[in-house]
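Asks:
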Amino acid sequence: MSRASVFTKAESPVPARARAMPACAGWLLSLSLLGLTACQPGVPEPDASNRAQQTSGKNTQTEQQDPIWDELERVEREGRSHPAASEHVLHEMQPRTAPGSLARVQLLALRGYLSTEMRDAALTASIIKDLEEWPNEANRRAANLALIYIRARQQRFSDGLRQAERTMAPLAGYTVQETGPLLLLRCHDFLSFVQSETGDVDAAIANATEALRLADAIGKPWRRAQTLSNLAFIYHQAQQLDLARQFSDKSLAEVDQDPSPALLYDIYTMRGIVLQTLGLMDGAQQAKQAALDAARQAGSDTLTSLALGNFADFHLNQGRYSQALKFADEALALALATQHIDYELLARHNRGIAKIGLRRVEEGKREVLAALARDEQRGADTIVANAWLELGMHLERAGDLSAAVEAFHQHRRKIDKVLRDETRKTLLEIQESYEDERRAKEIELLNRDNSLKTEQLRARDLQLRLWAALGGCIVLSAVLLGLAYQRIRKTNRALAHSNAALKMASERDPLTGLANRRHFQAAIKRLADKGMLSGTVFLIDIDHFKRINDQHGHAAGDTVLIEIARRLQATLRDEDLVVRWGGEEFLILVETREVSYASTLAQRLLDQIAAPTVRHGAQHIPVTASIGFASFPVAPHEVAVNWERAIDLVDTVMYLAKAHGRNKAYGIESMQASDEDGLQELAKGMEAAWQSGQVQLLTLNGPARFEESRL
Numbered sequence: 107m108s109r110a111s112v113f114t115k116a117e118s119p120v121p122a123r124a125r126a127m128p129a130c131a132g133w134l135l136s137l138s139l140l141g142l143t144a145c146q147p148g149v150p151e152p153d154a155s156n157r158a159q160q161t162s163g164k165n166t167q168t169e170q171q172d173p174i175w176d177e178l179e180r181v182e183r184e185g186r187s188h189p190a191a192s193e194h195v196l197h198e199m200q201p202r203t204a205p206g207s208l209a210r211v212q213l214l215a216l217r218g219y220l221s222t223e224m225r226d227a228a229l230t231a232s233i234i235k236d237l238e239e240w241p242n243e244a245n246r247r248a249a250n251l252a253l254i255y256i257r258a259r260q261q262r263f264s265d266g267l268r269q270a271e272r273t274m275a276p277l278a279g280y281t282v283q284e285t286g287p288l289l290l291l292r293c294h295d296f297l298s299f300v301q302s303e304t305g306d307v308d309a310a311i312a313n314a315t316e317a318l319r320l321a322d323a324i325g326k327p328w329r330r331a332q333t334l335s336n337l338a339f340i341y342h343q344a345q346q347l348d349l350a351r352q353f354s355d356k357s358l359a360e361v362d363q364d365p366s367p368a369l370l371y372d373i374y375t376m377r378g379i380v381l382q383t384l385g386l387m388d389g390a391q392q393a394k395q396a397a398l399d400a401a402r403q404a405g406s407d408t409l410t411s412l413a414l415g416n417f418a419d420f421h422l423n424q425g426r427y428s429q430a431l432k433f434a435d436e437a438l439a440l441a442l443a444t445q446h447i448d449y450e451l452l453a454r455h456n457r458g459i460a461k462i463g464l465r466r467v468e469e470g471k472r473e474v475l476a477a478l479a480r481d482e483q484r485g486a487d488t489i490v491a492n493a494w495l496e497l498g499m500h501l502e503r504a505g506d507l508s509a510a511v512e513a514f515h516q517h518r519r520k521i522d523k524v525l526r527d528e529t530r531k532t533l534l535e536i537q538e539s540y541e542d543e544r545r546a547k548e549i550e551l552l553n554r555d556n557s558l559k560t561e562q563l564r565a566r567d568l569q570l571r572l573w574a575a576l577g578g579c580i581v582l583s584a585v586l587l588g589l590a591y592q593r594i595r596k597t598n599r600a601l602a603h604s605n606a607a608l609k610m611a612s613e614r615d616p617l618t619g620l621a622n623r624r625h626f627q628a629a630i631k632r633l634a635d636k637g638m639l640s641g642t643v644f645l646i647d648i649d650h651f652k653r654i655n656d657q658h659g660h661a662a663g664d665t666v667l668i669e670i671a672r673r674l675q676a677t678l679r680d681e682d683l684v685v686r687w688g689g690e691e692f693l694i695l696v697e698t699r700e701v702s703y704a705s706t707l708a709q710r711l712l713d714q715i716a717a718p719t720v721r722h723g724a725q726h727i728p729v730t731a732s733i734g735f736a737s738f739p740v741a742p743h744e745v746a747v748n749w750e751r752a753i754d755l756v757d758t759v760m761y762l763a764k765a766h767g768r769n770k771a772y773g774i775e776s777m778q779a780s781d782e783d784g785l786q787e788l789a790k791g792m793e794a795a796w797q798s799g800q801v802q803l804l805t806l807n808g809p810a811r812f813e814e815s816r817l
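Here you go:
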């Protein structure tokens, strides 16, 4: 696994551990993000006097013209390379800054960054005390922001990522007039890093974009280069690879205007990650070597540790396990020496994967699981999900199939949780938008109604005064009422149309046009009796889909997904339900429970997916899939289960199909269990239960001419 300066994860032809992600995965932003932009949001205290805020806003621009700001910038740029020496320089510089000044805030913020980087609790406590005892109202808001930044960094390094995110939440309430652009820039950078590690990619992009706007306003090329590189990493995590490469190219062009070893390290590290994900291995290796050279030129053990960890990941992805283990051992020694928990976990993870590749499976598995447990304690859900996926794939390659199946199950549980959280957030945003629109329309209708009532009152007044005009007033009132009625009807029709379109869009996958999970959860109610599923479930996973993306490009991968979706729809009946379940997986639900029908349909699905090849431009791409299926309630004892348990069972046999060579369909014919707990016990050891006869499985093979050799 590799990381950008904050620990980014580079995906590779064989999925590697994504420390921080999404489709998904890796660690988000970079330590450079922390280093070059060490920021500090703080909880805003109760509103200070208006006079103090106005004074702070007027003096901010003038104060930043003091030469001491240039000295602070020089320390900031290289501080992460040599934190102890930089802290000494700042300590000696502090008496030259006026108490209560914005320069003092900036200096304390940088010292707080360095003290937390060095894990110096006593020094950090002293800096926090200085900020808590701020001497005057001028720049108090900026001091509060610096205070919270330092506290959030403490939480981040004590495995409290989500706590750090909550601490940073008040950032939106601060303005550049109160804090100056530098402090606000660092705060948005740091918050985007924390959000990327916890899996909130949308919020991370928003904060990184605001940081780029502030960097543009400041006008320093090195700050702009750093922020562009951070955005490249976040878009990489969001699987927007074209945008990631564009921002990486821009950051490389920008850094040439004002280079430094630490900054070059950050830029080349991020570039290596993006190029590796795109499958451009020569360019990725050159970028990673340039990053390692820059780290050594900077003389920083911290940066060198991370660069070595990234090189270890690169060799893992190339199958060079001995070299990967060598680099990981060097990285671990430096990480332990610098007491950097993130780099230590990265090195331990890569060591474990390398040992698995060298057939030291149990030893390697223990080391990976220990690192994974620490990440789970930190609340880095996306990192944990992708770590399980990488572990499963390497265990499968090493021949430990039962452990691989369990790792894939853990990956599915974790990624499903992340997807559920993201879906819930999206639905709440859609609902809020709908409610805002509805309230606006109600206000508009109320205003129209008030206008109508006013006209009626005027008509009545005219009736009393001018009897001669009575007839005309009645006609006028009728016309106004008719127009209002017609407009209300038109508005209601438009609102109904918008609601129907919103419902349709929320239940369809935008790429394939198939139903999505939300539609499935609504449809399952008609096939479930008291929550128990009745019917046959098929779970389909396209074989080696990541390799298709790596060899042919992501556009070709999208073409494959669209074509497979079309073939599935053509194979099924109108009443059957086909769902894009996530990534390269599809789920099919049919009401029929007959074993013969399920077996025939599974064979037909294998054949339809595999033949003919998928055409993308001039390329002809062979595609196969692994399928798991079962009918519910489960024979022979007719054990009823809910739909989540049913999908877990089908998922288990689908992974058996993958473990036994792919391009196969495995179906549950019967399970010797009389209740749901018995089913669960058999499912935990499905392979062994099958061999002992407690589980009867149907096994079907796809067309042999399209079968691919296993990775």
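Under this note's numbering, residues 107 to 817 are what the sequence shown spells out, in order. No residue lacks a Cβ here, since even glycine has one placed at the ideal position from N, Cα and C.
(1) Applying the criterion that 16 or more other CB atoms from any shown protein chain within 10 Å of the CB defines a buried residue, is Q363 buried or exposed?
(2) According to DSSP, which residues form a beta bridge with D822?
(3) The ligand COA and F420: does the residue's C-beta get closer than 7 Å to at least one heavy atom of that ligand?
(4) Nearest-angstrom Cα distance between T730 and V666?
(5) Using the C-alpha atoms, what's the distance from N655 back to L645?
(6) So, are the CB atoms of A249 and T273 less than 8 Å apart?
(7) Leaving out the 5 sequence neighbours to the left and right, which residues in its chain are closer than 6 Å to A510 when beta-carbon positions are compared?
(8) Curious, which full-length alpha helix (DSSP H) runs of at least 4 residues does the stretch 659-692 contain?
(9) If you run the structure through DSSP and keep just helix, strand and coil, what is N769?
(10) Taking the alpha carbon of A314 as the point to measure from, which residue in F299, A323, G325 and E303 has its own alpha carbon closest?
(11) Alpha carbon to alpha carbon, how far is D682 from A741? Give it in angstroms, no decimals.
(12) Looking at the strands, I want to know which residues DSSP matches up with R351.
(13) Which same chain residues, not among the five before or five after G458, have their C-beta less than 6 Å away from its C-beta?
(14) Give the DSSP-derived three-state secondary structure of V112 in the structure shown.
(15) How many angstroms separate the CA atom of K596 from the CA atom of G588?
(16) How many angstroms separate the CA atom of L277 from the CA atom of N336?
(17) Could you please give me the residues that DSSP links to Q828 through a beta bridge?
(18) Measuring alpha carbon to alpha carbon, tell me which of R710, A771 and R721 ends up nearest F735.
(19) For E223, which residues from the same chain have a beta carbon less than 6 Å from its beta carbon, with the 5 sequence-adjacent residues on both sides left out?
(20) For T618, which three-state DSSP category applies?
(21) The beta strand (DSSP E) with T805 in it runs from where to where?
(22) Under 8 Å: do the stretch 710-722 and the stretch 745-758 share three or more Cβ pairs, one atom per stretch?
(23) Between E271 and A810, what straight-line distance do the alpha-carbon atoms span, to the nearest angstrom?
(24) Tell whether a beta-carbon distance below 8 Å holds between A434 and A393.
(25) Per DSSP, what kind of secondary structure is T642 in: helix, strand or coil?
(26) Taking the C-alpha atoms as reference points, what is the distance between Q709 and I668?
(27) Between E793 and S508, is the Cβ-Cβ spacing less than 8 Å?
(28) Look at the alpha carbon of Q516 and the alpha carbon of E691, and state the distance between them as a whole number of angstroms.
(29) Quick one: what does DSSP say V747 is sitting in, helix, strand or coil?
(30) Across which residues does DSSP place I774 in a beta bridge pair?
(31) Look up A763 in the DSSP assignment and say whether it is helix, strand or coil.
(32) Rank L267, R292 and L478 by C-alpha distance to the C-alpha of V847 and give the top, closest one.
(33) Going straight from the alpha carbon of D757 to that of L347, what length do you get?
Replies: Short version:
(1) As a first step, residue 363 is located in the sequence shown; it is residue number 257 there, counting from the start. Around the beta carbon of Q363, fewer than 16 other beta carbons sit within 10 angstroms, so the residue counts as exposed.
(2) Look at the range of the chain in this structure, 107 to 817, and you will see that residue 822 is not part of it.
(3) This structure simply doesn't include the ligand COA, nor any ligand for that matter.
(4) Working through the sequence shown from its first residue, we reach residue 730 at position 624. Working through the sequence shown from its first residue, we reach residue 666 at position 560. Whole-angstrom Cα-Cα distance: 11 Å.
(5) Here residue 645 corresponds to residue number 539 of the sequence shown, with the count starting at 1. Here residue 655 corresponds to residue number 549 of the sequence shown, with the count starting at 1. For L645 and N655, the distance between alpha carbons rounds to 21 Å.
(6) The residue you call residue 249 lines up with position 143 of the sequence shown. The residue you call residue 273 lines up with position 167 of the sequence shown. Not a contact, by the Cβ cut-off of 8 Å.
(7) By 1-based counting over the sequence shown, the position of residue 510 is 404. Within the same chain, A510 has close Cβ partners G498, L501 and E502.
(8) Counting only runs of 4 or more, we get 660-677.
(9) Stepping through the sequence shown from its first residue, residue 769 is reached at position 663. Three-state DSSP puts N769 in coil, outside helix and strand.
(10) For the purposes of this step, residue 314 is taken as residue 208 along the sequence shown, with counting starting at 1. Nearest of F299, A323, G325 and E303 to A314, Cα basis: F299.
(11) Along the sequence shown, read from residue 1 onward, the residue named residue 741 stands at position 635. Along the sequence shown, read from residue 1 onward, the residue named residue 682 stands at position 576. Going from the Cα of A741 to the Cα of D682 covers about 22 Å.
(12) Taking the sequence shown and counting its residues from 1, one reaches residue 351 at position 245. Note: R351 sits in no beta bridge, so no partner.
(13) Working through the sequence shown from its first residue, we reach residue 458 at position 352. Counting only Cβ-Cβ distances below 6 Å, and skipping sequence neighbours, we find G470, E473 and V474.
(14) Counting from 1 along the sequence shown, the entry for residue 112 is found at position 6. Note that V112 has pLDDT 43, beneath the 50 cutoff, so the model's placement of it is unreliable and the number below is only indicative. V112: coil per DSSP, three-state reduction.
(15) Counted from its first residue, the sequence shown places residue 596 at position 490. Counted from its first residue, the sequence shown places residue 588 at position 482. In a straight line, the C-alpha of K596 is about 12 Å away from that of G588.
(16) Along the sequence shown, one-based indexing puts residue 277 at 171. Along the sequence shown, one-based indexing puts residue 336 at 230. Between L277 and N336, the C-alpha separation is close to 19 Å.
(17) Not covered by the structure: residue 828. The range shown for the chain is 107 to 817.
(18) Numbered from 1 along the sequence shown, position 629 holds the residue referred to as residue 735. Closest in C-alpha terms to F735, from the list R710, A771 and R721, comes A771.
(19) Here residue 223 refers to the residue found at position 117 of the sequence shown. Result list for E223: P189, in chain order.
(20) By one-based count along the sequence shown, residue 618 stands at place 512. T618: coil per DSSP, three-state reduction.
(21) Here residue 805 is taken as the residue at index 699 of the sequence shown, counted from 1. First-last of the beta strand (DSSP E) with T805: V801 to N807.
(22) No: the two stretches stay apart, fewer than three of their Cβ pairs being nearer than 8 Å.
(23) Position 165 of the sequence shown holds residue 271. Position 704 of the sequence shown holds residue 810. If you take the alpha carbons of E271 and A810, they lie about 52 Å apart.
(24) In the sequence shown, residue 434 corresponds to position 328, counting from 1. In the sequence shown, residue 393 corresponds to position 287, counting from 1. In this structure, A434 keeps its C-beta atom at 8 Å or more from the C-beta atom of A393.
(25) In the sequence shown, the residue the question calls residue 642 occupies position 536. DSSP, reduced to helix, strand and coil, places T642 within a strand of the structure shown.
(26) In the sequence shown, the residue the question calls residue 709 occupies position 603. In the sequence shown, the residue the question calls residue 668 occupies position 562. Rounded to whole angstroms, the separation of the alpha carbons of I668 and Q709 is 21 Å.
(27) Stepping through the sequence shown from its first residue, residue 793 is reached at position 687. Stepping through the sequence shown from its first residue, residue 508 is reached at position 402. Contact flag set, yes.
(28) Position 410 of the sequence shown, counted from the start, is the residue given in the question as residue 516. Position 585 of the sequence shown, counted from the start, is the residue given in the question as residue 691. Spanning the alpha carbons of Q516 and E691 requires a straight line of approximately 16 Å.
(29) Working through the sequence shown from its first residue, we reach residue 747 at position 641. Three-state DSSP puts V747 in coil, outside helix and strand.
(30) The sequence position of residue 774 within the sequence shown is 668, counting from 1. Under DSSP, I774 takes part in a beta bridge, and its partners are A736 and L803.
(31) What you label residue 763 is simply residue 657 of the sequence shown in a count that begins at 1. Correct three-state label for A763: helix.
(32) Limits of the chain in this structure are 107 at one end and 817 at the other, which puts residue 847 out of reach.
(33) For the purposes of this step, residue 757 is taken as residue 651 along the sequence shown, with counting starting at 1. For the purposes of this step, residue 347 is taken as residue 241 along the sequence shown, with counting starting at 1. Computed Cα separation, rounded: 29 Å.
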